[in-house]
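Student: What follows is a structure written as structure tokens; I'll ask about it next.
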Amino acid sequence: MENCELYGLLDIPEEVIDRLNEYGERRKGALPEDLCRKLLSRGEWEQGVKDLQAILAEDTDGIHILWEQLNIVCGYSYDEYVRRGIGIDAFADTMKFCTRFLREHYAQYGVYKYVWAWWFPRQISLSEFRIGALEYEFADGEDREIAVHIPSDADMDKQSVQESLRDFCVFRDTFFPGWQGVRLTCDSWMLMPQLRGFLGKDSHIVAFQDLFEIDSVDGDATWYMGWIYPGYEKIDDSLPERTVLQRELKKYLLAGNRFGIAKGHIVRLPGK
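Terminal number for the sequence shown in this note's numbering: 421, no gaps in between.
Pasting the structure below:
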């Protein structure tokens, strides 16, 4: 797949495409093979991204590293999708990860900047796929699991979530049959037990929680702030109250309580 074809398929903003093309035209030489290998190998992703950032030292807005990663998508990931028989819709939905975060950064700060290069190797290496509302990562580490991720634009309606899970099971059984029986886990603020009191039984988030059995809670984790209160890092009166969740959690936090991140596993898949 040509780079320009990929940019159109992923609906990358025109301004970003212009900057990608400008970099591509003046770029000299290919990446070292060892560096590309790191970006495709779980366990070496972090070092691979650091090595790539070191090569692209002047890349203040992340557009250069985005070009390099998308170039690998063109030269490796797309061909692997075709070879395995995975459809173009799944390919596009998965790789639009970068488009989503480009647009979200623009909406929040008024400029396009790519700051998620550290996560994108999951999609590039065919370890993570978006199937409907949710993303699924085949995590073949010390504890083999399929990690369920919740995109920021996910439709969390109960029907959409269940449809995604059912479609994923078909996807897994078709393309990754060796992963049948591996449990599906989720590590998210959306599984925190306090949310039931904040949101009520009719909440989509509470319905999502009902799929899981909670295994652990990390009350020291604070990365939930970036998702619930984008652009805010301190817990004080300045936190917005635009949604019921923001309002109720703000009161809870200002009262001196801790929130955090919970991890759980799906007890029973829809239809099982």
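Glycine included, every Cβ here is placed at the ideal spot set by N, Cα and C.
All values derive from a computational prediction rather than experimental measurement.
1) So, does the region 311 to 320 touch the region 273 to 283, judging by three or more C-beta pairs under 8 Å?
2) Going by alpha carbons, who is nearest to M190 out of H254, E171, W265, Q272?
3) Give the secondary structure of S365 by DSSP, where H, G and I count as helix, E and B as strand, and everything else as coil.
4) Inspect the beta-carbon positions of G330 and Y373 and report whether they are closer than 8 Å.
5) Which stretch, first to last residue, makes up the alpha helix (DSSP H) that contains C247?
6) Thinking Q218 and A296 are a contact (beta carbons under 8 Å), I'd like their distance in whole angstroms, please.
7) In or out: E277 buried (at least 16 other Cβ within 10 Å) or exposed?
8) Find the nearest neighbour of Y225 within the set W194, L275, Y258, Q202, judged by alpha-carbon distance.
9) I need the DSSP call for V264, collapsed to helix, strand or coil.
10) Quick check on R175: does DSSP put it in helix, strand or coil?
11) DSSP three-state label for T323, please.
12) Do D364 and K307 have their C-beta atoms within less than 8 Å of each other?
13) Pull the bridge partners of R279 from the DSSP assignment, please.
14) In terms of residue numbering, what span does the beta strand (DSSP E) encompassing K412 cover?
15) Threshold first: 3 residues or longer. Then list the beta strand (DSSP E) segments lying entirely within the region 195 to 238, N to C.
16) Per DSSP, what are the beta-bridge partners of E294 in this structure?
17) With distances taken from CA atoms, which of I204, P300, K383 is nearest K245?
18) Could you check whether Y378 and Q422 sit closer than 8 Å to each other, using their CB atoms as the reference points?
19) Would you check if the distance between the CB atom of I237 and the CB atom of L333 is smaller than 8 Å?
20) Whose C-beta lies closer than 6 Å to the C-beta of F240 among residues of the same chain, with five residues either side of it excluded?
21) Beta-carbon separation of D210 and Y263 under 8 Å?
22) Identify every run of the alpha helix (DSSP H) within the region 367 to 392, keeping only runs that are complete inside it and at least 4 residues long; order them along the chain.
23) If I measure Cβ to Cβ from G349 and keep anything under 8 Å in the same chain, skipping five residues before and after, which residues do I get?
Tutor: So, from the data block:
1) yes
2) First, the residue type needs correcting, since residue 190 is Ser and not Met in the sequence shown. Cα-wise, what sits closest to S190 is Q272.
3) strand
4) no
5) 246 to 258
6) Incorrect: roughly 20 Å between the Cβ atoms, too far for contact.
7) buried
8) L275
9) If DSSP states are grouped into helix, strand and coil, V264 belongs with coil.
10) helix
11) helix
12) Going by beta carbons, D364 and K307 fall outside the 8 Å limit.
13) E284
14) Secondary structure note for K412: its beta strand (DSSP E) is the uninterrupted segment 410 to 415.
15) none
16) A288
17) P300
18) Absent from the model: residue 422. The displayed extent of the chain is 150 to 421, so no value can be given.
19) no
20) Y230
21) The answer is yes: Cβ separation under 8 Å.
22) 374 to 377
23) For G349, where only same-chain residues beyond five positions count, the Cβ hits under 8 Å are V355.
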